[in-house]
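Quick note: the sequence shown uses my numbering, first residue -15, plus one each step. Heads up, the beta-carbon is just placed ideally off N, CA and C, and yes, glycines get one too. Before any comments, here is the structure.
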Amino acid sequence: MKKLVNFYTIVLVVILLATIISTAGCGCLRQACQPYGPRVTGDGTGGAIAIYEDIKGSNQHDFYVQKISPDGNALWGEKGVLIGSGYKECDSFHELHIVGDGSGG
């Protein structure tokens, strides 16, 4: 049953991230050089933590992290927390990884 709950949590996270990305004006789903989607991991308490890339144009990339509660609410603001920014090559996102610690973070 726990794996089924985790599956539904991940589905909620993907839906929530798609909503955040489309309403916050992020360009990451509209840029031709952005072939990589958000990275998601469970937080060990039924929620999830996700990272995603916001492409501002001219190879300017911002990286955000967002914590999602077990009931699907974004806990770290509308866009999440900025964890990195700068000018990157189009294939930079594949180097970004996320791993849950099993303790809620």
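*Spatially closest choice to residue 57 from 44, 67, 34, by CA coordinates*: Counting from 1 along the sequence shown, the entry for residue 57 is found at position 73. The candidate whose alpha carbon is nearest that of residue 57 is 34.
_Cα-Cα separation between residue 38 and residue 50, rounded to whole angstroms_ = By 1-based counting over the sequence shown, the position of residue 38 is 54. By 1-based counting over the sequence shown, the position of residue 50 is 66. Near 13 Å, if we compare the C-alpha coordinates of residue 50 and residue 38.
*Give me the Cα-Cα distance between residue 67 and residue 80, rounded to the nearest whole angstrom.*
Within the sequence shown, residue 67 is the residue found at index 83, counting from 1. Within the sequence shown, residue 80 is the residue found at index 96, counting from 1. Their backbone Cα atoms lie some 11 Å apart in a straight line.
*Helix, strand or coil for residue 81, going by three-state DSSP, please let me know.*
Numbered from its first residue, the sequence shown carries residue 81 at position 97. Three-state DSSP puts residue 81 in coil, outside helix and strand.
*Are residue 28 and residue 84 close, meaning C-beta to C-beta below 7 Å?*
The residue you call residue 28 lines up with position 44 of the sequence shown. The residue you call residue 84 lines up with position 100 of the sequence shown. Residue 84 is positioned such that its CB atom lies closer than 7 Å to that of residue 28.
*asked:* Taking the straight line between their C-alpha atoms, what separation do you get for residue 30 and residue 54?
replied: If you number the sequence shown from 1, residue 30 lands on position 46. If you number the sequence shown from 1, residue 54 lands on position 70. Going from the Cα of residue 30 to the Cα of residue 54 covers about 5 Å.
*To the nearest angstrom, report how far apart residue 86 and residue 43 are at their CA atoms.*
As a working note, residue 86 is residue 102 in the sequence shown. As a working note, residue 43 is residue 59 in the sequence shown. Approximately 34 Å between the Cα atoms of the pair.
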